[in-house]
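Protein chains in written order, with UniProt numbering: chain A, 1 to 225; chain B, 1 to 225.
In this text, a Cβ means the ideal position worked out from N, Cα and C, and glycines have one as well.
If you're wondering where the values come from, they're calculated on a predicted model, not measured in any experiment.
Down below is the structure, laid out as structure tokens.
There are 2 protein chains.
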Amino acid sequence: METKTSGLRGRQAEAARNDQAILDAARAVFIRDPGAPISAVAEEAGVGVGALYRRYAGKEELLRTLCEDGLRRFMAIAESAPARHSDPWDAFAAFVGEVIDSDVHSLTVHLAGTFTPTPEMHRLAAEASSLAAQILDHAKTAGALRPDVDARDIPMIFDQITAIRLGDAGRTAALRQRYLTLLLDALRADTPATPLPASPPSDEELGVRWRHTESSRSSQHRPRR
Amino acid sequence: METKTSGLRGRQAEAARNDQAILDAARAVFIRDPGAPISAVAEEAGVGVGALYRRYAGKEELLRTLCEDGLRRFMAIAESAPARHSDPWDAFAAFVGEVIDSDVHSLTVHLAGTFTPTPEMHRLAAEASSLAAQILDHAKTAGALRPDVDARDIPMIFDQITAIRLGDAGRTAALRQRYLTLLLDALRADTPATPLPASPPSDEELGVRWRHTESSRSSQHRPRR
DNA sequence: AGACTAGCGGAACAGAACCTTCCGTTCAAG
DNA sequence: CTTGAACGGAAGGTTCTGTTCCGCTAGTCT
Numbered sequence: 001m002e003t004k005t006s007g008l009r010g011r012q013a014e015a016a017r018n019d020q021a022i023l024d025a026a027r028a029v030f031i032r033d034p035g036a037p038i039s040a041v042a043e044e045a046g047v048g049v050g051a052l053y054r055r056y057a058g059k060e061e062l063l064r065t066l067c068e069d070g071l072r073r074f075m076a077i078a079e080s081a082p083a084r085h086s087d088p089w090d091a092f093a094a095f096v097g098e099v100i101d102s103d104v105h106s107l108t109v110h111l112a113g114t115f116t117p118t119p120e121m122h123r124l125a126a127e128a129s130s131l132a133a134q135i136l137d138h139a140k141t142a143g144a145l146r147p148d149v150d151a152r153d154i155p156m157i158f159d160q161i162t163a164i165r166l167g168d169a170g171r172t173a174a175l176r177q178r179y180l181t182l183l184l185d186a187l188r189a190d191t192p193a194t195p196l197p198a199s200p201p202s203d204e205e206l207g208v209r210w211r212h213t214e215s216s217r218s219s220q221h222r223p224r225r
Numbered sequence: 001m002e003t004k005t006s007g008l009r010g011r012q013a014e015a016a017r018n019d020q021a022i023l024d025a026a027r028a029v030f031i032r033d034p035g036a037p038i039s040a041v042a043e044e045a046g047v048g049v050g051a052l053y054r055r056y057a058g059k060e061e062l063l064r065t066l067c068e069d070g071l072r073r074f075m076a077i078a079e080s081a082p083a084r085h086s087d088p089w090d091a092f093a094a095f096v097g098e099v100i101d102s103d104v105h106s107l108t109v110h111l112a113g114t115f116t117p118t119p120e121m122h123r124l125a126a127e128a129s130s131l132a133a134q135i136l137d138h139a140k141t142a143g144a145l146r147p148d149v150d151a152r153d154i155p156m157i158f159d160q161i162t163a164i165r166l167g168d169a170g171r172t173a174a175l176r177q178r179y180l181t182l183l184l185d186a187l188r189a190d191t192p193a194t195p196l197p198a199s200p201p202s203d204e205e206l207g208v209r210w211r212h213t214e215s216s217r218s219s220q221h222r223p224r225r
């Protein structure tokens, strides 16, 4: 965003390249395993851990940066989808599909709880979910979306689809689209709809995931091989 | 299963009670967090770690026991559902719903990779998935289930729904039923069906999850509070 | 050319988490 | 009262990981 990688040479060019490489590596690694050690990021980026600590004060700051970046990507998708699709249903489907494709949800909610969120991030999160709610509302008032789904159901849908993780990134993406397609069939207004039990999660319940949990321990997620 | 808790008194009764308490605690704890330390199990059971090591040689053995128990529960559901519901769709819906309610999927697949599976477990797993395939086939040939879903889609569905984890156990269960209801609407044959992209996961892909991954590190899963 | 320095790699350090062992204690049974 | 099965939980030893530190490299500047 702010570092111009264009007109630089020599050492400065390497530094700029590393800036990018580290961010990309961190994204890849932490999406694969939110509890990965920082050395794994360095290895994936092909740099030493020192290079990492030169740019970020510590792990938390890296995580925060990554998460904020994720929120911005999310908002970019939420803003552009309705702009590119005049049909409300298409906009909704595109929005959901692209969020899943870019795996932005793993970057935000899945990483939250690993660090203390900044007020700025709360602001971004609120704005983002408001945008998402708008997209859903448009599809609903247009009569394309079944009326008993709520805006708060959306994060849950992301949670579910994002849980799919099999094989390499490409295969995972393909499988996710498969099950998203299935889900979308259930969400369309012309589907015979069974009344949904229970209420969607409240804002409170959804917000809990952003609260910093002292000690976010645990295992799971099989780092292949 | 084998320990009679009935006619015992004193120390032996306490031991028998602890057998149960430990198993229950382990189930609860490891479902909540598959990477939980063994001391967490002891604490939840209200016993010391010593009591735990008296019955199991180590963590792995406890995990294996738990997982095998889960597989048997799974099979019990898969066998009883068709027996209780003559309508193939009802049997299918009951099967899926009950597996999710008992959270048996977290006990099997989510714990696999944490230990080296026994041949016996492979046998059970194969038998279980074969039973599930039968239930699905019946619903499909009866024309109740959309024809483009495969038996291999079932574990994926479990994965997705099981990813929902919000609030206490009760609320989580309620939310899971909500999204299962939604999904079932997509699976019914009379739903206008969009062709599903990509192929369902292969047996190979699904099997990977049972392979013991040296070092199943990582974090994630927020232990509430 | 030669000195300077931003930036780098990775060993070393320090601390935390965890599995497992060990031992003193408890209490029902004989 | 003696005995020993079963228990609780501190201590041991290991592994893993965040962070620091320092010697080295290669552009850059005079």
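Asked, Found
"Glu14/A: contacting residues in chain B (beta-carbon distance under 7 Å)", "By Cβ distance, chain B contributes nothing, its closest Cβ being about 31 Å from Glu14/A, past 7 Å."
"Within 9 Å of chain A by C-beta, residues of the stretch 155-166 of chain B in sequence order", "Met156, Ile157, Asp159, Gln160, Ile161, Thr162, Ala163, Ile164, Arg165 and Leu166"
"CB contact below 8 Å: Arg178/B versus chain A", "yes"
"Status (buried if at least 16 other CB within 10 Å, exposed otherwise) for Pro147/A", "exposed"
"Beta-carbon proximity check, Leu111/A vs Leu63/A, cutoff 8 Å", "yes"
"Short Cβ contact (8 Å threshold) for Trp89/B with Leu145/B", "yes"
"Beta carbon proximity, Asp150/A to chain B, threshold 8 Å", "no"
"Where Leu62/A falls: helix, strand or coil (DSSP)", "helix"
"Short CB-CB distance (under 8 Å) between Leu175/B and chain A", "yes"
"Cβ-based neighbour list, Phe92/B, same chain, cut-off 6 Å, excluding 5 preceding and 5 following", "Ile135 and Ala139"
"DSSP beta-bridge partners of Leu145/A", "Arg188/A"
"Residues near Arg188/A by beta carbon distance below 6 Å, same chain, minus five either side", "none"
"For Arg171/B and Arg178/B, the rounded distance between their alpha carbons", "11 Å"
"Candidates Arg11/B, Leu180/B, Leu124/B and Cys67/B, of which the one nearest Ala26/B by Cα", "Cys67/B"
"Backbone CA spacing between Ala45/A and Arg176/A [nearest angstrom]", "27 Å"
"Interfacial residues, the stretch 88-116 of chain A to chain B, with Cβ spacing under 8 Å", "His110, Gly113 and Thr114"
"Ala173/B versus Asp101/B - alpha carbon distance", "6 Å"
"First and last residue of the uninterrupted alpha helix (DSSP H) at Pro88/A", "Pro88 to Asp101"
"Close Cβ partners of Val109/A (< 6 Å) along its chain, the five nearest in sequence each way excluded", "Arg209"
"Residue-chain proximity (Leu52/A, chain B), Cβ-Cβ < 8 Å", "no"
"Simplified DSSP state of His122/A, which is helix, strand or coil", "helix"
"C-alpha distance - Ala42/B paired with Thr194/A, whole-angstrom precision", "43 Å"
"Arg54/B (DSSP reduced to helix, strand or coil)", "helix"
"Per-residue DSSP class, three states only, for Ala169/A", "helix"
"Cβ pair count under 8 Å reaching 3, the stretch 195-207 of chain B against the stretch 150-168 of chain B", "yes"
"Proximity of Ala186/A and Ala94/B at Cβ, strictly below 8 Å", "no"
"Ile31/A and Leu107/A closer than 8 Å at C-beta", "yes"
"Span separating the alpha-carbon of Gly113/A from that of Arg17/A", "30 Å"
"C-beta contact flag for Ile161/A and Leu180/A at 8 Å", "yes"
"Supposed contact pair Ile157/B and Leu182/B - C-beta distance, whole angstroms, cut 8 Å", "Not quite, the Cβ-Cβ distance comes to about 11 Å (not below 8 Å), so this is no contact."
"Three-way DSSP call (helix, strand, coil) for Leu183/A in this model", "helix"
"His105/A burial status per 10 Å Cβ neighbour count (16 or more: buried)", "buried"
"Start-to-end residues for the alpha helix (DSSP H) that takes in Phe158/B", "Asp153 to Thr162"
"Other residues of its chain near Gly70/B: CB distance less than 7 Å, five sequence neighbours each side excluded", "Val104, Leu107 and Thr108"
"Chain A residues whose Cβ lies nearer than 8 Å to that of Thr191/B", "Asp185, Ala186, Thr191 and Pro192"
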